[in-house]
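Everything in the sequence shown is counted per numbering that gives the first Met the number 0, starting at 0 for the first residue and increasing by one.
Structure first, commentary second.
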Amino acid sequence: MTKKTGWKKSTLCLLLLALVLLLPAEGQAELPKDYQDFKARYQKEGRTPEGALKLYFEAVFCYIDPATREEGSKMLRYAMRVDRPIEKSQTLATFVERAQDPGENYVFRSFAAGASPENNYKMSPDNFKLVIAKKTQESGYLVFHLKSSGADSPRRVWVKEFDGLWHTINNASTYAQVTPPKSVVDAKKKLHDADFDVEEPKPKAEEKPAPEDPTSPEPEPESDSDSDEGPFLFK
Numbered sequence: 000m001t002k003k004t005g006w007k008k009s010t011l012c013l014l015l016l017a018l019v020l021l022l023p024a025e026g027q028a029e030l031p032k033d034y035q036d037f038k039a040r041y042q043k044e045g046r047t048p049e050g051a052l053k054l055y056f057e058a059v060f061c062y063i064d065p066a067t068r069e070e071g072s073k074m075l076r077y078a079m080r081v082d083r084p085i086e087k088s089q090t091l092a093t094f095v096e097r098a099q100d101p102g103e104n105y106v107f108r109s110f111a112a113g114a115s116p117e118n119n120y121k122m123s124p125d126n127f128k129l130v131i132a133k134k135t136q137e138s139g140y141l142v143f144h145l146k147s148s149g150a151d152s153p154r155r156v157w158v159k160e161f162d163g164l165w166h167t168i169n170n171a172s173t174y175a176q177v178t179p180p181k182s183v184v185d186a187k188k189k190l191h192d193a194d195f196d197v198e199e200p201k202p203k204a205e206e207k208p209a210p211e212d213p214t215s216p217e218p219e220p221e222s223d224s225d226s227d228e229g230p231f232l233f234k
């Protein structure tokens, strides 16, 4: 083999390796449309730990959006194998509170590659990647060590297989506090300056009925006869 041929093969191997590394993570580049779409995808993608983990975060982002929160609640219940709606679980009370709070749910965006405190954890819920630092086995569970740009060390997420599908069993680290986004930090620096106060909208004044005109004639009483209409019922 000549040096030229060997160089070409080495270059080709490097190109193939780079292509593999740039391939998108397992799953679709779009959030589930509804719970049924999520379940259908879970039967395929949930057969691997990585696929189940990605679907957990997709369910979180569906839940964060008020427009898809009801469906997202069902998705999370399925992804975490919770035996009741997540809003009724005392164990998940803090998780639910932070996911519903627009001022707190940036903690979930911190796990997306490219998101950072400096860019206010900007990311696309429809197209994101998770960065897995490592995987370990612990007491029968597979533990993902996920990188969060707002944390000093990776956050751990426990998953376990049930009947061929993997589920997120312990998600506590995914909603633990992280470094606040730059916009929040900047806003706190200006709290002492009245020029930056945000005025709350004033409540609308109740409209008072117009005074009756004493000169207007009184309405004539309705006739009881020749009416084939029944009584009007509120339903």
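Ideal placement from N, C-alpha and C gives every residue a C-beta, glycine not left out.
State buried or exposed for S148, treating a residue as buried only when at least 16 other CB atoms are found within 10 Å of its CB. Sixteen is the threshold: when 16 or more other Cβ atoms of the shown chains lie within 10 Å of the Cβ of S148, as they do, the residue is buried.
Excluding the 5 residues preceding and the 5 following T178 in the sequence, name in chain order all residues of the same chain whose CB lies nearer than 7 Å to its CB. Only P116 and G149 meet the Cβ criterion.
Nearest to G45 by CA position, among P31, A78, G71 and Y62, is which residue? Of P31, A78, G71 and Y62, the residue nearest in Cα terms is A78.
In the DSSP assignment, what are the bridge partners of I131? Under the DSSP definition of a beta bridge, I131 partners with L145.
Best match in E86, Y105 and D162 for proximity to K181 [C-alpha to C-alpha]: Cα-wise, what sits closest to K181 is Y105.
Run of the alpha helix (DSSP H) containing T93, from where it starts to where it stops: A92 to Q99 is the extent of the alpha helix (DSSP H) around T93.
Between the alpha carbons of I168 and K187, how many angstroms are there, rounded? Distance between the alpha carbons of I168 and K187: 36 Å.
What residue from Y62, A66 and P101 has the CA that sits closest to P84's CA? For P84, the nearest C-alpha among the options comes from Y62.
DSSP puts N169 in a beta bridge; with which residues? Note: N169 sits in a beta bridge opposite W157.
Could you pull out every residue in the same chain whose Cβ sits closer than 7 Å to the Cβ of A114, ignoring the five residues on either side in sequence? A distance below 7 Å between beta-carbons, with the five flanking residues on each side excluded, links A114 to the following residues of its chain, in chain order: R108, Y120, K121, M122 and S148.
Please report how far the alpha carbon of P153 lies from the alpha carbon of T47, in whole angstroms. Straight-line Cα distance between these residues: approximately 21 Å.
Beta-carbon gap between L129 and F110 smaller than 8 Å: Closer than 8 Å, so yes.
Quick check: the Cα distance between D100 and D64, rounded to an integer number of angstroms? Rounded to whole angstroms, the gap between the alpha carbons of D100 and D64 is 10 Å.
Thinking C-beta only, is H166 closer than 8 Å to R155? Contact: no.
With which residues is L164 paired in a DSSP beta bridge? L164 is bridged to F161.
If you draw a straight line from the alpha carbon of A112 to that of K146, how long is it in whole angstroms? Using only the alpha carbons, I get a separation of about 9 Å.
As a quick exercise: from N170, R68 and Q35, pick the residue whose alpha carbon is nearest that of R80. Looking only at N170, R68 and Q35, the smallest Cα-Cα distance to R80 is reached by N170.
Among the residues of its own chain, which have a CB less than 6 Å from the CB of L164, if the five just before and after it don't count? By the criterion of a C-beta distance shorter than 6 Å, L164 is surrounded in its chain by G45, once the five residues flanking it on both sides are discounted.
Please report how far the alpha carbon of A193 lies from the alpha carbon of F127, in whole angstroms. When rounded, the distance between both Cα atoms is 39 Å.
Closest Cα partner of K134 within the set N118, R40, Q35 and W157: Looking at the Cα atoms, W157 is the closest of the given residues.
Going by the beta-carbon positions, is the gap between E70 and Y34 smaller than 8 Å? Pairing E70 with Y34 gives a Cβ-Cβ distance under 8 Å.
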